[in-house]
Amino acid sequence: MFELNLIKDKAKARQRRRVIFLAVVSILFLAGLLSIFVGSLFWRETTLLDTANKEIADVDGRLKAMKADLDIREPAARKRRNALISAWHEDVAVRQDRPYFSPIIRDIVNYHPATARFWYNSVSITTNTESAGPRGTGAEGAVAMSKTLMGTRGLEASGYIQIEGSDILTESELRTVARQMDGMRKLVGEPKFTLDIASEVQPGGDSEASRYVPFTMRAAQTQFSREAP
Amino acid sequence: MAKGAGSSGGDWTAGIVAIVAALLLGSALPIGLYFGLFKPKEQERIDAQQKLEQVKVDYQMMLARADRVRGLEEDGVKMADDIKELESPFAVGDPEKLDVPEVRATLLRLAENHKLELRPERQARLGAEVVFAGGERIAFEKGLQATKLQIEARARFHDFGRFITEMETLENYVIIPESLVCTGDANGGNDHTFIMVVYVIERRDVDAIGR
């Protein structure tokens with residue numbers, strides 16, 4: 078009876094060891110499978126990361142090359158466009174503001190006092206084109222100081238007026254004449270006539286007859302009305 | 005019987021310990037791999053993809069900037085063409101001689117048409133002409149260049165007036181007078197003296213503007 082029990086115990090122990098062995102092996106097998114699965118996920122992430130890094134390097138390289146190119150091209154293009162616009166405005170101004178002197182000459186010819194004869198001895202029109210800017214440079218070395226195209230203009234004229242009536246009437250007429258000189262007003266400002274009564278000449282010494290009175294006409298140096306932009 | 009049962013329980017205990025140990029060791033490996041390798045790599049990949057998106061946005065912005073720059077350059081080309089067309093009536097100067105020969109010839113013809121004569125004091129000079137080069141080239145503030153011409157003549161006021169009017173409205177050239185001094189005939193005659201300085205606007209080197 079004792080021997081039989083011993084045999085049964087041995088069988089049970091074998092059975093137990095088998096169960097334990099199988100359980101441990103199964104656990105390790107599952108652990109291995111899980112580890113392989115995690116490893117495959119890791120590999121996938123590694124591949125994606127490599128792809129992303131390569132793409133970043135590619136786009137970043139193109140970006141840097143383009144930036145370097147544009148950093149040079151953009152200021153140059155902007156500078157050239159602005160300079161061309163400025164030059165274009167300057168050209169337009171030069172053309173549209175013509176003529177500069179002929180309206181003055183025309184006014185001098187056309188407008189006279191109604192009751193007096195009138196002679197100009199001298200007429201002088203000047204333009205102050207000097208600028209405070211830097212000197213121009215030129216290979217020939219004869220380029221003048223930088224000038225403004227539309228400088229201030231001025232006029233000075235002198236002559237004689239034969240007054241037959243009163244001085245007051247003549248002066249009034251001269252003021253009317255000055256107001257009529259549209260071309261002159263635009264280009265050099267409204268002229269002002271000044272009679273030098275003290276220097277008048279009386280032919281034959283007859284103060285009741287006509288008198289020749291020197292006059293001057295001046296227009297202040299004024300800025301041209303449409304200065305180039 | 006009690007001894008046999010005790011022995012059997014002790015055997016199971018060792019087995020259970022072995023199973024639990026296998027469970028702990030077996031699960032430690034995948035968990036360690038997951039948190040130790042996979043998670044940091046995943047975070048790295050997410051960061052890289054975010055950076056890639058940002059770089060792509062930057063690249064799109066750079067493409068837009070390139071378009072703007074191309075627009076600026078096209079504007080420049082168009083403006084240059086406009087200026088060339090606008091400046092077609094401007095003279096081509098001779099910087100070496102400080103002269104604009106074509107314009108001077110035109111003005112001399114104009115002077116002849118309007119009966120402008122040489123001033124008496126210049127008549128004796130060899131090769132003297134009513135219109136001559138002023139020997140100066142002017143650089144204006146905004147880039148225009150002009151060559152100075154001088155006109156010295158004796159003429160009737162109306163003739164000179166017509167000369168100026170025609171000169172200032174020439175289609176082919178842009179001539180801007182700088183000064184005019186007109187002195188009446190001292191003998192009371194009709195021939196007066198005119199001294200005039202003009203500058204003739206020259207074409208620019210359009211390709212050099214703003215470069």
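The listed protein sequences derive, respectively, from chains A and B. Positions 78 to 306 (the numbering used here) are the ones given, in order, by the first sequence. Positions 5 to 215 (the numbering used here) are the ones given, in order, by the second sequence. Idealized CB from N, CA, C, for every residue including glycine. Fair warning: this is a prediction, and the values are worked out from it, not measured in the lab.
Residue i in three-state terms, based on DSSP
i: A128 of chain B; result: coil
i: L214 of chain B; result: Reading the sequence as shown, one finds Gly at residue 214 of chain B and not Leu. The answer is coil: DSSP assigns G214 of chain B none of H, G, I, E or B.
i: G266 of chain A; result: coil
i: L122 of chain B; result: coil
i: D98 of chain B; result: strand
i: T253 of chain A; result: helix
i: V135 of chain B; result: strand
i: F178 of chain A; result: coil
i: D195 of chain B; result: strand
i: R121 of chain A; result: helix
i: D62 of chain B; result: helix
i: R208 of chain B; result: coil
i: A190 of chain B; result: coil
i: A88 of chain A; result: helix
i: A191 of chain A; result: coil
i: G213 of chain A; result: Only weak support exists for where G213 of chain A lies, its pLDDT of 43 falling under 50; the value from the coordinates is given anyway. Three-state result, G213 of chain A: coil.
i: L81 of chain A; result: helix
Beta-carbon separation (whole angstroms), residue i vs residue j, contact threshold 8 Å
i: F119 of chain A; j: L41 of chain B; result: 5 Å
i: F195 of chain A; j: P181 of chain B; result: At roughly 24 Å, the Cβ-Cβ gap does not stay under 8 Å, so F195 of chain A and P181 of chain B are not in contact.
i: R208 of chain B; j: L112 of chain B; result: Not really, about 26 Å apart at Cβ, beyond 8 Å.
i: I155 of chain B; j: M83 of chain B; result: About 35 Å separates the two Cβ atoms, so there is no contact after all.
i: V185 of chain B; j: S201 of chain A; result: 5 Å
i: E233 of chain A; j: T293 of chain A; result: 7 Å
Check whether residue i and residue j have beta carbons under 9 Å apart
i: F164 of chain B; j: I182 of chain A; result: yes
i: A100 of chain A; j: I23 of chain B; result: yes
i: L3 of chain B; j: A154 of chain A; result: In the structure displayed, chain B extends from 5 to 215; residue 3 of chain B sits before or after that span and is not available.
i: A193 of chain A; j: I238 of chain A; result: yes
i: D184 of chain A; j: D259 of chain A; result: yes
i: L164 of chain A; j: I87 of chain B; result: Before going further, note that residue 164 of chain A is Ala rather than Leu in the sequence given. Yes, the Cβ-Cβ distance between A164 of chain A and I87 of chain B is below 9 Å.
i: Y203 of chain B; j: I142 of chain B; result: yes
i: V290 of chain A; j: T253 of chain A; result: no
i: G80 of chain B; j: R158 of chain A; result: yes
i: R108 of chain B; j: F144 of chain B; result: no
i: L114 of chain B; j: E170 of chain B; result: yes
i: F161 of chain B; j: N191 of chain B; result: no
i: L33 of chain B; j: S117 of chain A; result: no
i: K156 of chain A; j: R74 of chain B; result: no
i: L37 of chain B; j: V115 of chain A; result: yes
i: E106 of chain B; j: V96 of chain B; result: yes
Residue-chain proximity (residue i, chain A), Cβ-Cβ < 9 Å
i: R208 of chain B; result: yes
i: L112 of chain B; result: no
i: H155 of chain B; result: This sequence places Ile at residue 155 of chain B; His is not what is there. No, no contact with chain A.
i: D103 of chain B; result: no
i: G188 of chain B; result: yes
i: P34 of chain B; result: yes
i: V135 of chain B; result: no
i: R160 of chain B; result: no
i: D79 of chain B; result: yes
i: P124 of chain B; result: no
i: E106 of chain B; result: no
i: G214 of chain B; result: yes
i: K119 of chain B; result: no
According to DSSP, residues forming a beta bridge with residue i
i: Y203 of chain B; result: B:K152, B:I180
i: T229 of chain A; result: A:N205
i: I142 of chain B; result: B:A150
i: G236 of chain A; result: A:Y197, A:F292
i: V185 of chain B; result: A:S201, B:I199
i: T271 of chain A; result: A:T293
i: R74 of chain B; result: R74 of chain B pairs with nothing; no bridge assigned.
i: D103 of chain B; result: B:D98
Cutoff 9 Å: residue i Cβ touching any chain B Cβ
i: G266 of chain A; result: no
i: V290 of chain A; result: no
i: S157 of chain A; result: With the sequence shown as reference, residue 157 of chain A is identified as Arg, and Ser is not the correct amino acid for it. With 9 Å as the cut-off, R157 of chain A counts as an interface residue toward chain B.
i: K34 of chain A; result: Chain A is shown only over 78 to 306; residue 34 of chain A falls outside these bounds and no answer can be derived.
i: R194 of chain A; result: no
i: Y177 of chain A; result: yes
i: V200 of chain A; result: yes
i: D259 of chain A; result: no
i: I240 of chain A; result: no
i: L105 of chain A; result: yes
i: T214 of chain A; result: Confidence at T214 of chain A is low in this model, with a pLDDT of 44, below 50, so its placement is unreliable and the value that follows should be read with caution. Answer yes: the Cβ-Cβ gap between T214 of chain A and chain B drops below 9 Å somewhere.
i: T206 of chain A; result: yes
i: E217 of chain A; result: Because E217 of chain A carries a pLDDT of 42, less than 50, the predicted location of this residue cannot be relied on, and no value is offered for it.
i: Y188 of chain A; result: no
i: E250 of chain A; result: no
i: I182 of chain A; result: yes
The ligand ZN heavy atom lying under 8 Å from the CB of residue i
i: L112 of chain B; result: Ligands displayed in this structure: none; no statement on the ligand ZN is therefore possible.
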